[in-house]
Amino acid sequence: MKPIPYLFLVALLFVSCKQSTKEPKEISVTTKAPEVTTVASFSGQQVTGVTVTTTGRIFVNFPRWRKGVTNSVVELSKGIETPFPNKEWNSWEVGDKIEAQKFVGVQSVVAFEDKLYVLDTRSPLFQEVLDAPRVFVFNLITKALEHTYILTENAYHANSYINDLRVDKKNNKIYFTDSGNSGLVILDLKTETFHRVLDEHSSTAAEQGYLTFTDGKWMNTVHSDGIALDTKNDKLYYHALTGYSLYSIPTKLLVIEDELDLEKAVTLEAKTSAPDGMIFDKNGNLYYADLENNKIMYREPNGSVRILLEGDKVRWADTFSIYDNHLYYTNSRINEVTADISEMEFTLHKIALPIN
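According to numbering that gives the first Met the number 0, the stretch in the sequence shown is residues 0 to 355, in order.
Structure representation (structure tokens):
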């Protein structure tokens, strides 16, 4: 979802992480060919994020990785793309003056209850942050802006790319990954204060500076990227994009001031494929991509890993959302992109969840 073109590798901090069980074998679901439905296709507009509300409304976003992005956030309905909340919010273009109520570089959209959380990196074209990263919170019914949470200087770096978020209602927090400068960011919704944890820690740092595809290597170093909240077990999962290690940490410990104590609580859950976004379903299955092999995987609560889908319908499965027992996913085709994307199609699909 986020090709951050930094040429350096962050030095890994060699601290001990609690180890999980041995790496499970992948199991392919082969009872019948899964039916994949194309929900939408976007010509010349590179989609990354998707979220589906509890009532079935679909929102997608388009990061400003290049000039010519038509809209940052749209709602999809019956084949029609409607700028959300309106066209004015989506009217900023590279070179314009930064404005408080215009999207600059939207990386993620998350629908939670009756709100839409829009994560704006404020980092167009992968440049340094032009303005503090922020989250715009819109009322889904009225489309009104209800709140803006602006990251404070202690929560991000000049080369940060605040990537994705999860809302934790139980603990009244929002958790973020930073894929530009490795680390997690925590927002306390009660006090509206931010703090940064596991900054340049081995668990949030990229393990290498490339991914390998059939047509060659995709050269990029992308740190903590995918994030998923296990609400049943109160654990936050996260994963570097250019890496093969899935980590977790108990959410109750994300208030600890002592960084060393926090580092000791990090658990290496599994060695996995290199993914982008991640999501849990209600049964505790964790969905993520195998980017290098055009697959969508899921890890069961017992640690078994299965292949949900593979083949040409999976082309960098970027972001996931779940609605009506279906997994929605975007194909952002990041490894295929060259300078000109005007002739490329980027898609949103859905597939039935496994029965278990």
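Each residue gets a CB set at the ideal place from its N, CA and C atoms; glycine is no exception.
Note that the structure is a prediction, hence the values are computed from the model and not measured.
- Shown here, Trp88 sits in a helix according to DSSP, grouped into three states.
- Rounded to the nearest whole angstrom, the CA to CA distance from Lys96 to Gly310 is 43 Å.
- When DSSP reads this structure, Leu183 sits in a beta bridge with Thr176 and Val196.
- The three-state reading of DSSP puts Glu291 in helix, counting H, G and I together.
- Positions of the beta strand (DSSP E) runs, each at least 3 residues long and wholly inside the stretch 72-136, are given as 72-76, 79-82, 105-111 and 114-119 in order along the chain.
- DSSP, read as helix, strand or coil, puts Glu344 in strand.
- Note that the C-beta distance between Val49 and Val72 is not below 7 Å.
- The DSSP-derived three-state label of Glu258 is helix.
- A straight line joining the alpha-carbon of Lys216 with that of Arg332 spans about 14 Å.
- Pairing His194 with Ala205 gives a Cβ-Cβ distance that is not under 7 Å.
- Excluding its 5 nearest sequence neighbours in each direction, Thr52 has C-beta neighbours in its own chain below 7 Å: Ala110 and Leu139, listed in chain order.
- Counting along the chain, Asp317 sits inside the beta strand (DSSP E) bounded by residues Ala316 to Tyr322.
- In the three-state scheme derived from DSSP, where H, G and I count as helix and E and B as strand, Glu145 is classed as strand.
- Among the bridge pairs identified by DSSP, Phe61 is matched with none.
- Apart from the 5 residues on each side of it in sequence, Tyr322 sits with its Cβ closer than 7 Å to the Cβ of Val51 and Gly55 in its chain, given in chain order.
- Ala143 sits exposed, since fewer than 16 C-beta atoms from the chains shown fall within 10 Å of its C-beta.
- Sequence-distant Cβ neighbours of Glu127 in its own chain, meaning closer than 8 Å and more than five residues away, are Ala157 and Asn158.
- In this structure, Thr192 keeps its C-beta atom at 7 Å or more from the C-beta atom of Ile161.
- Shown here, Ile333 sits in a helix according to DSSP, grouped into three states.
- Counted as a single uninterrupted DSSP element, the stretch harbouring Thr190 is not any beta strand (DSSP E), since DSSP gives it neither H nor E.
- For Pro132, the closest C-alpha among the options Asn293, Val184 and Arg298 is that of Val184.
- Judged by DSSP secondary structure, Thr211 falls within the beta strand (DSSP E) whose first and last residues are Tyr209 to Phe212.
- Residues Ala288, Ile295 and Tyr328 of the same chain have their beta carbon placed closer than 6 Å to that of Ala316, with the five preceding and five following residues left out of the count.
- Distances from the alpha-carbon of Pro33 to those of Val313, Glu342, Arg63 and Pro300 put Val313 closest.
- DSSP places Glu309 within a strand segment (E or B) once states are collapsed to three.
- Where Pro353 is concerned, there is no enclosing beta strand (DSSP E), because DSSP gives it neither an H nor an E.
- For Thr266, the secondary structure class from DSSP, reduced to helix, strand or coil, is strand.
- In this structure, Val136 lies near Lys114, with their beta-carbon atoms less than 7 Å apart.
- Short of 8 Å from the beta carbon of Glu335, and not among the five residues preceding or following it, lie these beta carbons of its own chain, in chain order: Arg314, Trp315 and Met343.
- For the pair Gln207 and Phe345, the Cα-to-Cα distance works out to about 27 Å.
- In this structure, Ala227 lies near Ile278, with their beta-carbon atoms less than 7 Å apart.
- Shown here, Ala204 sits in coil according to DSSP, grouped into three states, outside any helix or strand.
- Note: Arg56 is not bridge-paired with any residue in the DSSP secondary-structure output.
- In terms of CA proximity to Val68, Asn89 leads the group Asn89, Ser303 and Asp229.
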